[in-house]
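In what follows, a single structure is set out as structure tokens and then discussed.
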Amino acid sequence: MTDESEAPTDEPTGDAPTADGGTAEATESAEAAAAGPEGGVSDYVERQFAEIALSRKARWLGASMAVVVVVYLFLMSLETVGWFRADLPSYLGTFAEALQDYFPFIVFGETTWNLGIATVPSIHFNPGGFLEYWAFITERNLLYETGFFSEAETILDYPILLFTETGGPIGIFGAAGETLAIGFAGTIMGFPLALLFSILGSGRVTPFPFNFLFRGVMSSIRAIPALVWVLIYVPLGGIGPTTATLAVATDTVGNLGRLFSDELEEIADGPVEAMQTTGANKPQIIVFGMLAQVKRSFIAWTLYVFEINVRIAVGLGIIGAGGLGLVLDVQQGLFAYTNMMATIIVIFLLVVSVEMISQRTRAYLRSDEEPMGIVQLITGFPRRMIESMAK
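Each residue of the sequence shown is one higher than the one before, starting from 1 at the first, in the UniProt record's numbering.
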């Protein structure tokens, strides 16, 4: 009688695989490790939650301390400038009277309205007040040099005088043209050195650490505002449009050079390597391999710095460097608030016009930049003027 073989059973001889490729035994071991002796959360998971809670508390504590430090420094800054000692409310009446001089088209009547908490004088609109602005603008040639075409005898003389008179097409704009000339000439004068320092400051051209020598020069120039540069140039030619142009040019070297050097660091390596393999020399690589990639960006950044320089030229004029800023400073000294406001209006028109032309051109050159509308240009005008004054 032969031995009968044992019938096969359904029990697996090894660990059954799970859906994620592991085994049932490994899964049970992981669950057992995550579970405590009574089925609760393991010590490891509890520690993770505790660390998360601790880090969250640390972030809140750090943020709270930062807020406290900022508030403390803010209060100390106000104390330093004498904010708490200044009796500003006592001068509100004088300020209200000055507002009527600033805006002659607004007339405060003798009758008053009692609003319960304050008594407000009646306000009337006088359209003739705008004529006071225009009278001063034409009298001081803020927007147009009235005698520019005085020697014209026939209509054919006008285009000739436009290009032969002092200042050419820029001189026709009077004091506004002088401010524009300071910003434009300073930008053009600073452009070559800005381009040179940006190329030499690039790690692709000058090896480390020698490239940082040129970057350091640009950083040193940027550390000194244009307002200080014009004072440095006082022994050279006093405070005037000439030294203001030099100050703007010096400031342009630092600001524009930094923007150029950053652009050169972002260029693609492909064209440069391709020219190197063909045996091109260093100047050819710089001109055709590097500058060719960023020429549009360089033009756009130059226009951007130009519009900043026009605002800087206004600020330099306030300390006697000429242009609209000088007119504004003189009228402020005479307490002629109506004339001051007329000058401010011309400054506004000049700066916004330059910004519109520059911004539209930059938007055309750089597809990643959307042109700003007139409303955005107007609402952002005070902020941009303050930023330029601080440069």
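From the three backbone atoms N, C-alpha and C, an ideal C-beta is built for every residue, glycine too.
Around the beta carbon of Thr277, a 10 Å sphere encloses fewer than 16 other beta carbons of the protein chains shown; the residue is thus reported as exposed.
Selection Leu161, Tyr144 and Ile286 evaluated against Thr179 yields Tyr144 as nearest (Cα-Cα). Taking one beta carbon from each stretch, the segment 331–343 and the segment 277–295 have fewer than 3 pairs nearer than 8 Å; the two do not touch. Leu161 and Phe130 have their C-alpha atoms some 32 Å from each other. Around the beta carbon of Val305, 16 or more other beta carbons lie within 10 angstroms, which makes this residue buried. Ala313 sits away from Val234, with the two beta carbons spaced by 8 Å or more. At the C-beta level, Ala175 and Leu142 come within 8 Å of one another.
The Cβ-Cβ distance between Gly257 and Phe348 does not fall below 8 Å. In this structure, DSSP gives Val107 an extended state, which the three-state scheme calls strand. Comparing C-alpha distances from Ile221 to each of Ile232, Gly238, Val253 and Pro207 shows the shortest one belongs to Val253.
For Ile123, the three-state secondary structure derived from DSSP is strand.
Here the alpha carbon of Pro192 sits roughly 45 Å from the alpha carbon of Val71. Between the beta-carbon of Ser261 and that of Gly322 there is about 32 Å, and that puts the pair past the 8 Å contact cut. When DSSP states are grouped into helix, strand and coil, Tyr91 belongs to the helix group.
For Arg204, the three-state secondary structure derived from DSSP is coil. Met218 and Ala135 have their C-alpha atoms roughly 45 Å apart.
Burial state of Ile123 is exposed, judged by a 10 Å Cβ sphere holding fewer than 16 other Cβ atoms. At least 8 Å separates the beta-carbon of Thr80 from that of Thr187.
Distance between Ala96 and Thr164, taken at the CA atoms: about 48 Å.
Ile345 is a Cβ neighbour of Tyr133, given a cutoff of 8 Å. Each residue's CA atom was taken as its position, placing Ala300 and Thr245 some 21 Å apart. Ranked by Cα distance from Val354, the first of Asn309, Glu46 and Ile172 is Asn309. Nearest neighbour of Asp251 by Cα position, chosen from Ala194, Asp87, Asp269 and Thr146, turns out to be Ala194. Between Ile224 and Ala185, the alpha-carbon positions lie close to 20 Å from each other.
Exposed is the label assigned to Ile52, since fewer than 16 other Cβ atoms lie within 10 Å of its Cβ. Rounded to whole angstroms, the Cβ separation of Ala268 and Gln293 is 7 Å, and the two are in contact under 8 Å.
Selection Ile155, Phe173 and Leu156 evaluated against Gly147 yields Phe173 as nearest (Cα-Cα).
Distances from the CA of Ile137 to each of Ala363, Arg360 and Leu328 were compared; the closest alpha carbon is that of Leu328.
Glu307 and Trp60 have their C-alpha atoms spaced approximately 42 Å apart. Between Asn126 and Phe149, the C-beta gap is not smaller than 8 Å, which leaves the two residues out of contact. About 28 Å separates the CB atoms of Leu78 and Ala226; that is not less than 8 Å, and the two are not in contact.
When rounded, the separation of the alpha-carbon atoms in Leu75 and Lys57 is 27 Å. Taking the Cα of Asn211 as reference, the smallest distance to any Cα among Met65, Pro241, Glu265 and Gln331 is reached at Glu265.
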